[in-house]
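One structure is given here, and the rest of the page talks about it.
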Amino acid sequence: MSTESQYYRYNPEKRNIFIEIHQPRINYVKEIFLGFFMLFASHASAVCEVFLRKRFGERYITLAQSIGITLFFQIFIVFVPVRTSTASIGYLLVVLFSWVFLAMSIKHRLEIRKHGTAYDFKRFSLSDGEIHPLWYNIIGKKIGPIKITSYLVHVLLEPLVPIGLGILLYLIEPTRLLGGLWFICGLGFGFKNFQKAQQGRNWVLDNIDKQISSEMRYDVFIGRKPKKDTKGVYLPMDLPEDPKVAQSLYEMVDTSFESTGDFWVNDDLDDKPEHGGNESGGMVSSG
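Mapped onto the numbering used here, the consecutive letters of the sequence shown carry residue numbers 7 to 293.
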């Protein structure tokens, strides 16, 4: 048995009451609209990603999605009336672009097949692709007072490429329709990247909050310290005065992983043989 499994055991029956009572407010109207825009952004961003990124995960780019987007462009053109000869050129460019998009998607799928799709843990199957090496060259540098970060690249700078291209194409009448599509897809690309970044940030904050509440639970239940001394962790209620009840409540608060032994008891093992015997202070070998 590994050292970690010997000294830590997950206890799913415990609850972190501090996290439960401070859950953020849910705006259901916002959630509905957010879900709708994320559905749109997921497909719109794919139009940009096949041109801007490489080395996608096996499950990220699918031919079904690519064919569906291509057909959408074809149907979109059919229902848009042609009013001028210049506009008809723009419609033709959109059709050609949709087929180029499909070709690029197939190219990425062939690359995935080339590198293999075995279960060998060599590639994250949901990877949304690698950004262009140019971005890595500027990450960490400063442009005036602004420091270029990975977050800034993914949420703002990378989506600005299709957005800027869309604006330029929109200024030219024959390519106005194509420019509008690039602009909209660029916005969806940036929105999706922003939402993914927010989900990751919230996950980090959730785990930090769990650690803080676990650290402060003694000061709340046993020490009865005010909120200003517990990093903001508190319970808006009168806690039981009985020390035994307070101790019991303290032990019931979820710390995610509860310790089952002294983690530092085997500090001296570093200077002992790897397969030493059961000496005093040593670790008992388990089968």
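In this text, a Cβ means the ideal position worked out from N, Cα and C, and glycines have one as well. Note that this is a predicted model, so its numbers are computed, not measured.
Quick one: is residue i buried, meaning 16 or more other Cβ sit within 10 Å of its Cβ, or exposed?
{"i": "Ile75", "result": "buried"}
{"i": "Ala52", "result": "buried"}
{"i": "Ile67", "result": "buried"}
{"i": "Arg119", "result": "exposed"}
{"i": "Gly96", "result": "buried"}
{"i": "Glu55", "result": "buried"}
{"i": "Ser94", "result": "exposed"}
{"i": "Trp270", "result": "Low local confidence applies: a pLDDT of 44 at Trp270 is under 50, so the model's placement there is unreliable, and no value is given."}
{"i": "Glu10", "result": "Low local confidence applies: a pLDDT of 40 at Glu10 is under 50, so the model's placement there is unreliable, with the coordinate-based value given in what follows. Glu10 is exposed by the Cβ-count criterion."}
{"i": "Val210", "result": "exposed"}
{"i": "Val259", "result": "buried"}
Chain D beta carbons: is any one of them nearer than 9 angstroms to that of residue i?
{"i": "Arg207", "result": "The structure shown contains no chain D; it is built from a single protein chain."}
To the nearest whole angstrom, what separates the beta carbons of residue i and residue j, a pair I think is in contact under 8 angstroms?
{"i": "Thr155", "j": "Ile169", "result": "About 19 angstroms separates the two Cβ atoms, so there is no contact after all."}
{"i": "Leu58", "j": "Val167", "result": "6 angstroms"}
{"i": "Phe200", "j": "Val239", "result": "About 30 angstroms separates the two Cβ atoms, so there is no contact after all."}
{"i": "Lys216", "j": "Asn22", "result": "6 angstroms"}
{"i": "Lys202", "j": "Ser48", "result": "10 angstroms between Cβ atoms; not a contact."}
{"i": "Leu99", "j": "Leu184", "result": "5 angstroms"}
{"i": "Phe241", "j": "Arg230", "result": "In the sequence as presented, Phe is not what sits at residue 241; that position holds Leu. With 8 angstroms as the limit, Leu241 and Arg230 do not qualify as a contact, their Cβ atoms being about 11 angstroms apart."}
{"i": "Gln80", "j": "Val101", "result": "7 angstroms"}
{"i": "Ile214", "j": "Gln253", "result": "26 angstroms between Cβ atoms; not a contact."}
In terms of residue numbering, what span does the alpha helix (DSSP H) encompassing residue i cover?
{"i": "Leu255", "result": "Pro249 to Met258"}
{"i": "Gly63", "result": "First-last for Gly63: undefined, no H or E at that position."}
{"i": "Glu164", "result": "Glu164 to Tyr176"}
{"i": "Ile210", "result": "The residue you asked about is not Ile; residue 210 is Val in the sequence shown. Unbroken alpha helix (DSSP H) run through Val210: Arg182 to Phe227."}
{"i": "Ile83", "result": "Leu69 to Phe85"}
{"i": "Pro139", "result": "Pro139 to Ile144"}
{"i": "Ile27", "result": "Ile23 to Ile27"}
Please state whether the Cβ-Cβ distance between residue i and residue j is less than 9 angstroms.
{"i": "Thr236", "j": "Val251", "result": "no"}
{"i": "Glu164", "j": "Phe189", "result": "no"}
{"i": "Phe103", "j": "Leu174", "result": "no"}
{"i": "Leu132", "j": "Arg65", "result": "yes"}
{"i": "Phe24", "j": "Arg207", "result": "no"}
{"i": "Phe82", "j": "His114", "result": "no"}
{"i": "Ile73", "j": "Leu108", "result": "yes"}
{"i": "Glu136", "j": "Lys234", "result": "no"}
{"i": "Leu311", "j": "Ala50", "result": "This structure leaves residue 311 out entirely; the chain is present only between 7 and 293."}
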